[in-house]
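Residue numbers (my numbering), protein chains in the order written: chain C, 884 to 1267; chain B, 13 to 377.
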């Protein structure tokens, strides 16, 4: 197990290194012009700017600089003069929070609906579930975002986390902490809880031979988060922020759960044919137990390996949502940078999204290894 | 949808394999998708036909880019406008030419955007252009983007998967590492960034689709096809071919690629969905030079909402529904293709046990 995970980690680092090299190659070689050609500038002015930015040196030198900059989290400067990492660290927590909660909720909901749909013997239920999943899977993301945004604003009267002005002014007026700082703490609590849960699960499965039921996870996450917020004294602020981010989370759930339903369903169609399912039914186990413990558990594996490929698309969906709602997260950061042709910010954001994808993939590898003994004890580089 | 118990029985009982077409058509969802695609294809044909026949006398009205028409609608003059579709304020009524209008009168107002009417089946947009004509006109660029992305991604994905499976070792390691790296760069996002900043000047639909196809084909499609190719290359007939002297590309071309075709077709169809969404999104952000595709229609509807005080729902819904239905059509067809691809996998699974057991679910979506 440790050997397998170590292998995945090393391979992830190598992939990341190559990805960074790839981004450098695209920016420095493929794209016409350089950073200075963004400004209308010719002759001496441009040359002196190139010298100031170090763009006149050989490519190799620039590459080494770029690499060492990334390892010290120095992603360069935006054209607005602000550090790129500074801009990203302001936008990242909201994206992380929404992504983790949204994809997590979508996964739980989708897996449950998929199980229901695959195991149901009532055609109206199955057909309508399939219809709804396909509808949400293929719906144009900006259309959904617009529908949520307009509908939410006009009929329900709530606003998305946008900028500070959308938050409860009275609450934030006398606070020392800025929304970004509070949000970083919320993200920290979320990740610490998640990590602790994974550890507890592993230990209890491995040594106590008892499985923690799946419904415990969301409850523990909510309860621990609430308690931690209270202990840190940011309860009110965190509530205000999460209320504002609720719309985005709902959007992510709507965009992603359809895919999970359909993949679960297809995977269950496979496992339902297995003999052990028939044995389980024949010996008179309750249908629920057959469905959840016998048919659905092996079906998790193809879902996980499918998620590896689709995670970048989930991230894109979130980025699209954020850019529609405006302000706040990575989405609007990227699209504002694209509109302003602010290349350092665009490249930095792509890098951060790449790292996020990689971390999520490592998490999926961990999940897969804990579920599937063939992965745990098998050859590390056997299948992708 | 029949229930799963029935299907499992029929699947394990039917020993003789039905034909490809029959397998495809027996999936009713796939049939719906095929009909939808036919509908969109007829939209492509309908636009030039209508422009040359029915709309030939009034090209200035129905041209999807430069046309203009502001239909006249009866509106009531009121003090405070509550329903902007049937009421108009006194100042606006007088500014529109009804100098002697007073509160309570019914006056003729030229509106733009206009709701659906007999002349304009889906109304007009904020520029006064016919929405139905714009909708028909947007079908062709969407097809071009989708189909070029599909072809390029399937080609690249199949070639990379074949090379991986045939040559193994170093070639496989380099290619799959390359796929892993590209997977960190989400194709739709990359396309939007390209369209937005640097290449927007020459990012025509076909170039857009091709670049998307390269990125998606070398990452997602190659990864999915590679695992299938690796399990196919273990099968006895490949050994037989090797024994009789087949090597390298010949082996890949003659013996491996035919087995990748069904799965490649599935990936092709899903690439259409991704490319069309990316293109729609780039146009929706106004990062596209042609202003009349479906994404741009949504941009126009939202972009002028604040200016004119009313969201042009007819434009917004037409564009959004067209893109969503287009994607849904190709997704539904991919379900049918998956049945066809699975038909072969099912046969080999019976012979082989576990080798291909999760091939179907892994390629879904």
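Cβ coordinates follow ideal geometry from the N, Cα and C atoms, glycine included.
- Residue-level contact check: residue 279 of chain B does not touch chain C, since none of the beta carbons of chain C fall below 8 Å from its beta carbon.
- The beta carbon of residue 330 of chain B sits closer than 6 Å to those of 134, 143, 147, all from its chain and outside the five residues before and after it, given in chain order.
- Approximately 14 Å separates the beta-carbon atoms of residue 1020 of chain C and residue 1134 of chain C; this is outside 8 Å, ruling out the contact.
- For secondary structure counted as the alpha helix (DSSP H) over 4 or more consecutive residues, the region 70-153 of chain B holds these complete runs in sequence order: 71-74, 102-107, 143-149.
- Sequence-ordered contacts of the region 1158-1183 of chain C with chain B are nonexistent [C-beta pairs closer than 7 Å].
- Close partners of residue 1203 of chain C in chain B (Cβ separation under 7 Å): 293.
- In this structure, residue 1030 of chain C sits away from residue 1136 of chain C, with a CB-CB distance that is not shorter than 8 Å.
- Of the other Cβ atoms in all chains shown, fewer than 16 fall within 10 Å of the Cβ of residue 1038 of chain C; this residue is therefore exposed.
- Here the alpha carbon of residue 56 of chain B sits roughly 14 Å from the alpha carbon of residue 304 of chain B.
- Here residue 230 of chain B really is in contact with residue 190 of chain B; their C-beta atoms are around 7 Å apart, less than 8 Å.
- For residue 343 of chain B, the chain C residues whose Cβ falls inside 8 Å of its Cβ are 1017, 1020, 1021, in order along the chain.
- Under the three-state reduction of DSSP, residue 246 of chain B is assigned to coil, being neither helix nor strand.
- The alpha-carbon of residue 1092 of chain C is positioned some 47 Å away from that of residue 290 of chain B.
- Counting the other Cβ atoms within 10 Å of the Cβ of residue 1148 of chain C gives 16 or more, which makes it buried.
- Closest by C-alpha distance to residue 1151 of chain C, out of C:1182, C:968, C:1218, C:973, is C:1182.
- A straight-line Cα-Cα distance of about 15 Å links residue 309 of chain B and residue 152 of chain B.
- Among the residues of the region 232-248 of chain B, those with a Cβ less than 8 Å away from any Cβ of chain C are 232, 235, 236, 238, 239, 242, in the order of the chain.
- Per DSSP, residue 1134 of chain C is one residue of the alpha helix (DSSP H) stretching across 1118-1154.
- Around the CB of residue 228 of chain B, 16 or more other CB atoms lie within 10 Å, so the residue is classed as buried.
- For chain B, none of the residues of the region 973-985 of chain C brings a beta carbon within less than 8 Å of one of its beta carbons.
- Contacts with chain C (Cβ-Cβ distance below 9 Å) from the region 165-199 of chain B involve 185, 188, 189, 190, 191, 192, 193, 194, 195, 196, 197, 198, 199, listed in chain order.
- Secondary structure remark: continuous beta strand (DSSP E) runs of at least 3 residues inside the region 1048-1109 of chain C: none found.
- Counting along the chain, residue 291 of chain B sits inside the alpha helix (DSSP H) bounded by residues 269-296.
- For residue 944 of chain C, the enclosing alpha helix (DSSP H) has its first and last residue at 942-954.
- Taking a beta-carbon distance threshold of 8 Å, residue 160 of chain B does not count as an interface residue toward chain C.
- Taking residue 1207 of chain C as the centre and dropping the five residues before and after it, the same chain places the C-beta of 1025, 1028, 1029, 1032 closer than 7 Å to its C-beta, in chain order.
- Membership of residue 1231 of chain C in the alpha helix (DSSP H) is indicated by the continuous run 1226-1254.
- In this structure, residue 196 of chain B and residue 1237 of chain C form a Cβ contact; the two beta carbons are roughly 4 Å apart against a cut-off of 8 Å.
- Cα atoms of residue 1003 of chain C and residue 1185 of chain C: separation of roughly 20 Å, rounded to the nearest angstrom.
- At a C-beta separation below 8 Å, residue 314 of chain B has these neighbours in chain C: 1029.
- Measuring C-alpha to C-alpha distances from residue 59 of chain B to each of B:89, B:79, B:150, B:38 identifies B:150 as the nearest.
- For a Cβ distance threshold of 8 Å, residue set 198, 200, 286 of chain B lies close to residue 1196 of chain C, ordered along the chain.
- Using a C-beta cut-off of 8 Å, the region 954-968 of chain C makes contact with the region 1220-1231 of chain C, since at least three inter-stretch Cβ pairs fall below that distance.
- Look at residue 1157 of chain C here: in three-state DSSP terms it is coil, with no helix or strand label.
- In terms of beta-carbon proximity, residue 1026 of chain C lines the interface with chain B, with at least one pair separated by less than 8 Å.
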